Amino acid sequence: MVNAYWKIGEQIYRACGENERAAYGKQLLQYISEKLTAEFGKSFDVTNLRNMRRFYLMFPIRETLSPELSWLYRLGIL
């Protein structure tokens, strides 16, 4: 799930660029949220999509996810 959220965050970043406050970015997040929520459920509201984008920005190199999130191994997630 962590990798999925990272990938969604990456795609949002690539689509919106660095400025998430631009009108285009807000409209795009709302559009994506509506589509994903309709297909997968309420976990994809605009707030969660912003958090996924922030998550990607904190760990832009995918390979750094596992060492930085070592607690996921203890939980059996990775």
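Heads up: the sequence shown at position 32 corresponds to 31 in numbering that gives the first Met the number 0, and the numbers run straight through without jumps.
Note that beta-carbon positions come from the ideal geometry of N, C-alpha and C, so glycine has one too.
Computed from a predicted model, the values in this text were never measured in an experiment.
Scanning Glu-33, Tyr-30, Gly-40 and Leu-48 for the CA closest to the CA of Tyr-12 turns up Leu-48. CA-CA distance, Pro-59 to Trp-5, rounds to 9 Å.
Under the criterion of beta carbons closer than 8 Å, Phe-54 and Gly-8 qualify as touching, at roughly 5 Å.
DSSP places Gly-16 in the coil class of the three-state scheme, outside both helix and strand. Sequence-distant partners of Val-45 (beyond 5 residues in either direction) whose C-beta falls short of 7 Å from its own C-beta, in its chain, are Leu-28, Gln-29 and Ser-32. Nearest to Lys-25 by C-alpha distance, out of Ser-42, Ala-37, Val-1 and Arg-52, is Arg-52.
If you draw a straight line from the Cα of Phe-43 to the Cα of Thr-36, it comes to about 5 Å.
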